[in-house]
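Presented below is the structure to which this report refers.
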Amino acid sequence: SQTIHQWPATLVQPVGSPLSLECTVEGTSNPNLYWYRQAAGRGLQLLFYSVGIGQISSEVPQNLSASRPQDRQFILSSKKLLLSDSGFYLCAWTPGPGREQFFGPGTRLTVL
Amino acid sequence: KNEVEQSPQNLTAQEGEFITINCSYSVGISALHWLQQHPGGGIVSLFMLSSGKKKHGRLIATINIQEKHSSLHITASHPRDSAVYICSLYKYQFYFGTGTSLTVIP
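Protein sequence lines, in the order shown, are assigned to chains A and B.
Anchor point for the first sequence: position 51 equals 51 in the working numbering, and the numbering is continuous, going up by one each time.
Anchor point for the second sequence: position 102 equals 1102 in the working numbering, and the numbering is continuous, going up by one each time.
Written out as structure tokens, the structure reads:
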């Protein structure tokens, strides 16, 4: 069966510090991968998606970046965090466009 | 303009009540999903549907493609159903509603 891992679960970082969140999927190959952010009381905002290794599409201009160094690994990064980067970050995968999405447990990021 | 609109935003019900959450959308879609977000933040997929009706236990999801409307029904609601329910649709990319926060009181 397929599983999706995200870490860390919670993170408190000072403004200006770097960020690296990792997401890995097990039990499937060639997944479509997504990074979402959910601000308090808001809906899910798509940040990045990837249909293959090294293929990253960005939906929202920001100081975040994403990379997919391996088929089942998706990394969200920042060189310098802003206060506005605080939120709940979710990684998700689908077997194909429009198919059922499977979400990771999420990372709650607080930037102070 | 939000492509996906949900109503109500918040809903409180007594245990045992029949609950309906509505989702209206403005784009032609390939599929519509209902998601459940638990208080801890984790999200699980409840249904994916492109036509008609699906049932899983006490949950029923319907969709009317012509009217661009879907409903999620919960029969015999229970406190463990308390969660945020999110409507999501796919048309070249995923769009999400802002969610309906449901609280079921014992």
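We treat Cβ as the ideally placed atom computed from N, Cα and C, and that holds for glycine.
Quantities reported herein were computed from a predicted structural model and do not represent experimental measurements.
Looking at the structure shown, is residue i part of a helix, part of a strand, or coil, going by DSSP?
i, result
"A/R72", "coil"
"A/L83", "helix"
"A/R108", "strand"
Given this structure, state the Cα-to-Cα distance separating residue i from residue j, to the nearest angstrom.
i, j, result
"A/Q13", "B/I1065", "45 Å"
"B/L1035", "B/S1088", "7 Å"
"A/Q64", "B/N1002", "Inspection of the sequence shows that residue 64 of chain A is occupied by Leu rather than by Gln. If you take the alpha carbons of A/L64 and B/N1002, they lie about 24 Å apart."
"B/F1094", "A/L112", "31 Å"
"A/A92", "B/Q1014", "33 Å"
"B/S1024", "B/I1086", "12 Å"
"A/S77", "A/Q70", "16 Å"
"A/S57", "B/S1045", "24 Å"
"A/A39", "A/P31", "26 Å"
"B/I1029", "B/M1048", "12 Å"
"A/V25", "B/I1063", "31 Å"
"A/V15", "B/S1026", "39 Å"
"B/A1061", "A/I53", "35 Å"
"B/H1056", "B/G1097", "22 Å"
"B/Q1009", "B/H1033", "17 Å"
"A/P18", "A/P105", "22 Å"
"A/F74", "B/H1073", "35 Å"
"A/A118", "A/P95", "Residue 118 of chain A lies beyond the residue range present for chain A, which begins at 1 and ends at 112; the question has no answer from this structure."
"B/T1103", "B/R1080", "9 Å"
"B/K1113", "A/V60", "Nothing about residue 1113 of chain B can be reported from this structure: the residues present for chain B run from 1001 to 1106 only."
"A/S29", "A/L44", "25 Å"
"A/Q101", "A/P8", "21 Å"
If contacts are defined as beta-carbon pairs under 8 Å, then residue i and residue j qualify, I think. What distance do you get, rounded to the angstrom?
i, j, result
"A/C23", "A/Q6", "5 Å"
"B/T1075", "B/L1011", "Incorrect: roughly 15 Å between the Cβ atoms, too far for contact."
"B/N1022", "B/S1071", "5 Å"
"A/R68", "A/S50", "5 Å"
"A/T107", "A/S86", "A/T107 to A/S86, Cβ: 11 Å. No contact."
"B/I1043", "A/F103", "4 Å"
"B/Q1037", "B/V1084", "4 Å"
Restricting to Cα atoms, I'd like to know which of the options is closest to residue i.
i, options, result
"B/G1052", "B/H1078, B/E1067 and B/P1079", "B/E1067"
"B/G1040", "A/T10, A/Q62 and A/K79", "A/T10"
"B/L1059", "B/F1018, B/Y1092 and B/Q1014", "B/F1018"
"A/F88", "A/Y36, A/V15, A/S29 and A/N63", "A/Y36"
"B/A1031", "A/P97, A/L44 and A/L21", "A/P97"
"B/G1016", "B/H1078, B/G1042 and B/H1038", "B/H1078"
"A/L46", "A/L90, A/T107 and A/S17", "A/L90"
"A/L83", "A/L21, A/G41, A/F74 and A/Q62", "A/Q62"
"A/S20", "A/I4, A/E59 and A/K80", "A/K80"
"A/G27", "A/I4, A/F74, A/R42 and A/Q55", "A/I4"
"A/R99", "A/S17, A/V60 and A/L33", "A/L33"
"A/R42", "B/Y1092, B/K1054 and B/Q1006", "B/Q1006"
"B/S1050", "B/Y1090, B/T1020 and B/L1102", "B/Y1090"
Could you tell me which chain E residues have their CB closer than 8 Å to the CB of residue i, listed as they occur along the chain?
i, result
"A/E100", "No chain E appears in this structure, whose protein chains are A and B."
Whole beta strand (DSSP E) elements within the stretch 34-70 of chain A, 3-residue minimum = 44-52, 55-58 and 64-70
task = Let me know the beta strand (DSSP E) ranges lying completely inside the stretch 1026-1070 of chain B, each 3 residues or longer, listed in chain order.
result = 1031-1037, 1043-1049, 1052-1056 and 1059-1064
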